[in-house]
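Participant: Protein chains in written order, with the working numbering: chain A, 519 to 747; chain B, 519 to 747.
Can you read through this structure? Questions will come right after.
2 protein chains.
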Amino acid sequence: MSYKYEYARAALTVDCVVFGLDEEDLKILLIQRDIEPFEGRWALPGGFVRLDETLEESAKRELEEETGIKKVFLEQLYTFSELERDPRERVISVAYYALVQLSNHRVKAATDARDAAWFSVNSIPSLAFDHEKILSLAHERLRGKVRYQPLGFELLPTKFTLRQLQHLYEVILDREIDKRNFRKKIQAMDILIELDEFEQGVAHRAARLYKFDRQKYKRMTKNGFNFEI
Amino acid sequence: MSYKYEYARAALTVDCVVFGLDEEDLKILLIQRDIEPFEGRWALPGGFVRLDETLEESAKRELEEETGIKKVFLEQLYTFSELERDPRERVISVAYYALVQLSNHRVKAATDARDAAWFSVNSIPSLAFDHEKILSLAHERLRGKVRYQPLGFELLPTKFTLRQLQHLYEVILDREIDKRNFRKKIQAMDILIELDEFEQGVAHRAARLYKFDRQKYKRMTKNGFNFEI
DNA sequence: CTAGTTAGTGTATTATCGACACTAACAAAA
DNA sequence: TTTTGTTAGTGTCGATAATACACTAACTAG
């Protein structure tokens with residue numbers, strides 16, 4: 519079966535930049551290509567868009583097929599259209615970035631006969647296509663957006679300590695933050711629920727756990743409240 | 519002549535949201551469709567992407583063909599992919615927004631047998647396709663971005679008064695700004711060149727003209743300077 | 001020369017930001 | 001059980017930035 523059109527059409531793909539956070543640093547998820555072009559090279563998960571799905575649905579599907587990840591925060595990043603970005607033919611790619619709780623997706627078994635692995639954003643191997651460019655734009659966007667939108671919580675488990683939250687901002691913004699000032703600011707925003715639970719199994723004083731109060735945040739933004747780190 | 523592909527492909531278009539500013543308010547440029555679907559309805563300028571051009575080139579070409587506008591500030595907005603956004607077939611559209619000096623593009627003659635006209639963002643007619651959605655996202659993006667990037671200057675003539683500049687922010691941000699505080703803030707940024715020229719032909723004291731110092735702004739951003747209104 | 005209109009300027013109060021250091025709690029090791 | 005090591009948790013003060021606010025100067029038109 520084949521499809522005919524009066525004018526030439528570009529192929530359309532989606533690519534996903536998946537961010538995760540652990541105790542050391544910010545990581546992204548890459549897959550190893552098992553077909554040409556760039557066979558064996560690491561690349562962003564992604565693939566061709568079908569006609570019966572929106573771009574976002576397509577990104578979610580590819581992400582699940584290639585890495586097993588589902589139900590993630592996903593947002594459109596940019597559409598890349600350089601003429602020579604794919605050596606086979608004209609391919610235009612819509613990039614998305616995703617934020618996941620890395621602890622839930624620890625070791626990613628190869629789902630589709632490929633390998634998948636987490637890499638620190640500070641030591642990314644050479645990537646296929648223009649994926650390094652996509653990745654660097656995604657990283658920039660995350661850094662910019664995390665300061666005025668509470669995206670960060672997507673990278674943390676539901677219950678987290680203030681230390682984890684601060685660490686998140688330190689890693690993403692790549693600078694140290696004063697502990698007292700940070701806690702002052704967060705508490706002033708009043709968007710966390712203080713739990714009567716504490717972290718477990720640590721060899722020192724256990725820190726209190728908190729939850730992000732999504733409801734309250736939504737209500738507050740309607741009244742012109744401004745989240746800002 | 520026709521083109522065959524193994525899998526079905528969506529058609530790809532670009533659409534442009536062109537902003538201009540005059541003495542009253544913020545305006546956008548619309549064209550009247552002369553073919554089905556939505557014949558006679560107002561719509562964003564745009565059209566099909568060719569295989570030998572990037573999306574940005576495509577947006578620039580369509581803009582010139584349909585409205586005569588060239589050499590504008592142009593930035594990608596978002597890619598729209600709802601399944602039913604075009605009644606004919608599956609069409610995915612990459613939206614751009616453009617900022618132009620309205621005074622240079624006053625009355626837009628119909629270039630392509632269509633009519634083109636400026637509309638106040640506060641009184642937009644019913645638009646074709648999902649163009650109202652695109653427009654409203656563009657407006658939101660402009661409002662957000664103008665506060666921390668000096669986009670506004672793209673909407674003003676090269677030489678402008680501080681009153682014009684303030685008016686720009688008042689119109690886009692939709693709130694009044696204190697004259698003295700505004701001037702204090704702008705002068706503290708030190709990104710304007712004070713000219714020895716004054717506005718002409720006004721029935722009151724003439725205001726001094728200024729130019730945006732693009733060079734200096736670039737140098738400053740490299741050193742971590744933060745533009746913020 | 002008078003009326004009308006906008007340009008251009010400073011200060012005082014309030015809110016926000018940023019630097020900074022100690023005690024409390026707990027687990028592990030001695 | 002005592003000591004050691006590690007992180008949790010908390011407040012103040014000075015500097016800086018944000019805001020509110022009103023008058024005189026300059027020019028044109030009638």
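Backbone N, C-alpha and C fix where the C-beta goes; we use that ideal spot for every residue, glycine too.
Using a Cβ-Cβ cutoff of less than 7 angstroms, which residues in the same chain neighbour ILE652(A) once the five nearest sequence positions on both sides are dropped?
Facilitator: Counting only Cβ-Cβ distances below 7 angstroms, and skipping sequence neighbours, we find ASP533, VAL535, LEU562, PHE598, ALA613.
Participant: Using a beta-carbon distance below 8 angstroms, is ARG608(A) in contact with chain B?
Facilitator: Output row for ARG608(A): interface = yes.
Participant: What's the C-alpha gap between MET520(B) and GLU557(B)?
Facilitator: Residue identity differs from the one stated: residue 520(B) is Ser in this sequence, not Met. Cα to Cα, SER520(B) sits roughly 27 angstroms from GLU557(B).
Participant: Does the distance from the CB of ILE549(A) to the CB of ASP604(A) come in under 8 angstroms?
Facilitator: The answer is no: Cβ separation not under 8 angstroms.
Participant: I'd like to know if the segment 569 to 578 of chain B and the segment 638 to 648 of chain B are in contact, where contact means that at least 3 CB-CB pairs between them fall below 8 angstroms.
Facilitator: In short, these stretches do not touch, since the Cβ pair count stays below three.
Participant: LEU674(B): buried (16+ other C-beta within 10 angstroms of its C-beta) or exposed?
Facilitator: Under this definition LEU674(B) is a buried residue.
Participant: Please state whether DSSP places VAL720(A) in a helix, a strand or coil.
Facilitator: Residue state, collapsed to three classes: coil.
Participant: Taking the C-alpha atoms as reference points, what is the distance between TYR735(A) and GLN733(B)?
Facilitator: Distance between the alpha carbons of TYR735(A) and GLN733(B): 40 angstroms.
Participant: Measure the beta-carbon distance from ARG665(A) to GLU593(A) and round it to whole angstroms, keeping in mind my assumption that it falls under 8 angstroms.
Facilitator: So it is not a contact: roughly 15 angstroms between Cβ atoms.
Participant: By the 10 Å Cβ neighbour count, where 16 or more other Cβ atoms means buried, how is TYR525(B) classified, buried or exposed?
Facilitator: TYR525(B) is exposed by the Cβ-count criterion.
Participant: According to DSSP, TYR614(A) sits in a beta bridge with which residue or residues?
Facilitator: According to DSSP, which records beta bridges pairwise, TYR614(A) is partnered with CYS534(A), GLN594(A).
Participant: What residue range is occupied by the uninterrupted alpha helix (DSSP H) comprising ARG726(B)?
Facilitator: From DSSP, ARG726(B) is part of no alpha helix (DSSP H) but of the beta strand (DSSP E) over 726 to 730.
Participant: For VAL567(A), which residues from the same chain have a beta carbon less than 7 angstroms from its beta carbon, with the 5 sequence-adjacent residues on both sides left out?
Facilitator: If we look at VAL567(A) and ignore the five residues flanking it on each side, its Cβ neighbours are LEU530, THR531, VAL532, LEU573, SER576.
Participant: LYS589(B): which of LEU620(B), SER611(B), ILE610(B) sits nearest, CA to CA?
Facilitator: Minimum Cα distance to LYS589(B) is reached at LEU620(B).
Participant: Based on DSSP bridge pairs, tell me the residues matched to LEU547(A).
Facilitator: Answer is TRP636(A), bridged to LEU547(A).
Participant: Can you list the residues of chain A that SER520(B) reaches, using a CB-CB cut of under 9 angstroms?
Facilitator: In chain order: LYS522, TYR523, GLU524, TYR525.
Participant: At what residues does the beta strand (DSSP E) containing PHE556(B) begin and finish?
Facilitator: No beta strand (DSSP E) contains PHE556(B), which DSSP labels as neither H nor E.
Participant: Apply the 10 Å Cβ neighbour rule to LEU713(A) and answer buried if 16 or more other Cβ atoms are within range, or exposed otherwise.
Facilitator: Exposed is the call here.
Participant: Would you mind working out which of THR739(B), ASP552(B), ARG737(B), TYR728(B) sits nearest LEU683(B), comparing C-alpha positions?
Facilitator: Looking at the Cα atoms, TYR728(B) is the closest of the given residues.
Participant: Which residues, in chain order, does the segment 526 to 540 of chain B contribute to contact with chain A at a C-beta distance below 8 angstroms?
Facilitator: Of all residues in the segment 526 to 540 of chain B, ALA526, ARG527, ALA528, ALA529, LEU530 have a Cβ within less than 8 angstroms of some Cβ in chain A.
Participant: Terminal residues of the continuous beta strand (DSSP E) containing TYR523(A)?
Facilitator: Per DSSP, TYR523(A) belongs to the beta strand (DSSP E) from 521 to 523.
Participant: Please confirm whether VAL720(A) has its beta-carbon closer than 8 angstroms to some beta-carbon of chain B.
Facilitator: Not an interface residue.
Participant: Got a sec: is the Cβ-Cβ distance from VAL639(A) to anything in chain B below 8 angstroms?
Facilitator: Not one chain B Cβ lies under 8 angstroms of VAL639(A).
Participant: Have a look at ILE709(A) and ILE587(A) and give me their C-alpha separation to the nearest angstrom.
Facilitator: Between ILE709(A) and ILE587(A), the C-alpha separation is close to 28 angstroms.
Participant: In chain B, which residues lie with their C-beta within 9 angstroms of the C-beta of VAL612(A)?
Facilitator: THR597, SER599, ILE610, VAL612, listed in chain order.
Participant: Between the Cα of ILE711(A) and the Cα atoms of PHE671(A), ASP692(A), ASN744(A), TYR687(A), which residue gives the shortest distance?
Facilitator: When each option's Cα is compared against that of ILE711(A), the closest is PHE671(A).
Participant: Residues of chain A with CB under 9 angstroms from GLN667(B), in chain order?
Facilitator: What GLN667(B) touches in chain A: nothing, since even the nearest Cβ is about 11 angstroms away.
Participant: Measuring only between beta-carbons, confirm whether LEU655(A) sits less than 8 angstroms from chain B.
Facilitator: No, its Cβ sits nowhere closer than 8 angstroms to a Cβ of chain B.
Participant: What's the call for GLU658(A), buried or exposed, on a 16-neighbour Cβ count within 10 Å?
Facilitator: That one is exposed.
Participant: Which residue comes first and which comes last in the beta strand (DSSP E) that contains GLY662(A)?
Facilitator: Segment 649 to 663 is the alpha helix (DSSP H) holding GLY662(A); no beta strand (DSSP E) there.
Participant: Going along the chain, which residues of the segment 678 to 697 of chain A sit with their C-beta nearer than 7 angstroms to a C-beta in chain B?
Facilitator: Residues: none.
Participant: If we cut at 8 angstroms on Cβ distances, does LEU573(A) have a partner in chain B?
Facilitator: So yes, LEU573(A) belongs to the interface.
Participant: Leaving out five residues on either side along the sequence, give the residues of the same chain with a beta carbon under 7 angstroms from the beta carbon of LEU686(A).
Facilitator: Once the five neighbours on either side are set aside, the close Cβ partners of LEU686(A) are LEU539, GLY670, LEU673, LEU674.
Participant: Let's see if you can read the secondary structure: which residues bound the alpha helix (DSSP H) around PHE700(B)?
Facilitator: Its alpha helix (DSSP H) spans residues 697 to 707.
Participant: Residues of chain B with a CB under 8 angstroms from the CB of GLN594(A): which are they?
Facilitator: Correct list: TYR596, THR597.
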